[in-house]
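Numbering (the numbering used here), first residue to last: 240 to 373. Ideal placement from N, C-alpha and C gives every residue a C-beta, glycine not left out. This report refers to the structure that appears directly beneath it.
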Amino acid sequence: MTAQSGDVGRPRAVVPPGERGATRIADRVVAKIASQAAREALGPLPGDASPPHAGVVVLPHSQLRSSGGTPIQTARVRVHLELGYPTDIGARCASVRRHVAERVGALVGMEVLEVAVQVERLHPVHGAAQGRTR
Numbered sequence: 240m241t242a243q244s245g246d247v248g249r250p251r252a253v254v255p256p257g258e259r260g261a262t263r264i265a266d267r268v269v270a271k272i273a274s275q276a277a278r279e280a281l282g283p284l285p286g287d288a289s290p291p292h293a294g295v296v297v298l299p300h301s302q303l304r305s306s307g308g309t310p311i312q313t314a315r316v317r318v319h320l321e322l323g324y325p326t327d328i329g330a331r332c333a334s335v336r337r338h339v340a341e342r343v344g345a346l347v348g349m350e351v352l353e354v355a356v357q358v359e360r361l362h363p364v365h366g367a368a369q370g371r372t373r
């Protein structure tokens with residue numbers, strides 16, 4: 240009888256959740272997920288617009304704890320995007336903030352403390368009046 244076969248019937252020691260290992264998600268992975276979520280929230284962009292890109296700061300484990308007792312990682316996200324104009328810029332930015340926070344939370348399991356949206360450029364929509372818009 241080998242040592243391995245003798246271990247089959249013995250129960251394993253239970254390790255408390257707080258002492259188990261933790262998964263660390265790289266900042267750039269979270270940034271890619273945030274960029275994709277921003278694209279989902281915006282829908283089709285004007286033809287000459289660059290796709291959204293994001294910068295992320297993943298903070299060390301916070302005082303927040305999951306139901307299993309393990310610390311929850313938190314993130315601050317900054318999304319850079321271009322929008323068609325005329326549009327309701329505030330509503331579009333709010334939609335991006337909400338969707339990015341939901342998707343990063345769902346896919347990565349992090350709490351998103353802040354989503355800062357920076358509009359880098361506005362593109363006139365084809366067919367819109369050219370010139371000054373009131």
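Inter-residue spacing [alpha-carbon to alpha-carbon] between residue i and residue j
{"i": "Ala-273", "j": "Ala-288", "result": "18 angstroms"}
{"i": "Ala-355", "j": "Ala-252", "result": "45 angstroms"}
{"i": "Gly-344", "j": "Glu-258", "result": "23 angstroms"}
{"i": "Gly-282", "j": "Pro-291", "result": "11 angstroms"}
{"i": "Val-318", "j": "Arg-267", "result": "13 angstroms"}
{"i": "His-338", "j": "Arg-249", "result": "48 angstroms"}
{"i": "Thr-262", "j": "Ser-334", "result": "29 angstroms"}
{"i": "Ala-265", "j": "Lys-271", "result": "10 angstroms"}
{"i": "Gln-357", "j": "Leu-320", "result": "6 angstroms"}
{"i": "Ala-330", "j": "Glu-353", "result": "17 angstroms"}
{"i": "Glu-341", "j": "Val-254", "result": "31 angstroms"}
{"i": "Glu-279", "j": "Pro-325", "result": "20 angstroms"}
{"i": "Gly-294", "j": "Val-351", "result": "13 angstroms"}
{"i": "Ile-311", "j": "Leu-346", "result": "14 angstroms"}
{"i": "Pro-363", "j": "Leu-284", "result": "11 angstroms"}
Selection from the options that minimises the alpha carbon distance to residue i
{"i": "Arg-315", "options": "Ala-340, Gly-282, Ala-330, Val-296", "result": "Val-296"}
{"i": "Thr-313", "options": "Met-349, Glu-353, Ile-264", "result": "Met-349"}
{"i": "Arg-336", "options": "Ala-276, Pro-250, Val-269", "result": "Ala-276"}
{"i": "Ile-374", "options": "Glu-353, Glu-341, Leu-298, Arg-360", "result": "Lying outside 240 to 373, the shown extent of the chain, residue 374 is not represented and no answer is given."}
{"i": "Gly-286", "options": "Ala-280, Val-254, Leu-322", "result": "Leu-322"}
{"i": "Leu-298", "options": "Val-269, Val-364, Tyr-324", "result": "Val-269"}
Limits of the alpha helix (DSSP H) - the one that residue i falls within
{"i": "Ala-280", "result": "266-281"}
- [ ] Within the region 291-358, note down every full alpha helix (DSSP H) run reaching 4 residues or more, in order along the chain.
- [x] Whole alpha helix (DSSP H) segments, 4+ residues: 328-347.
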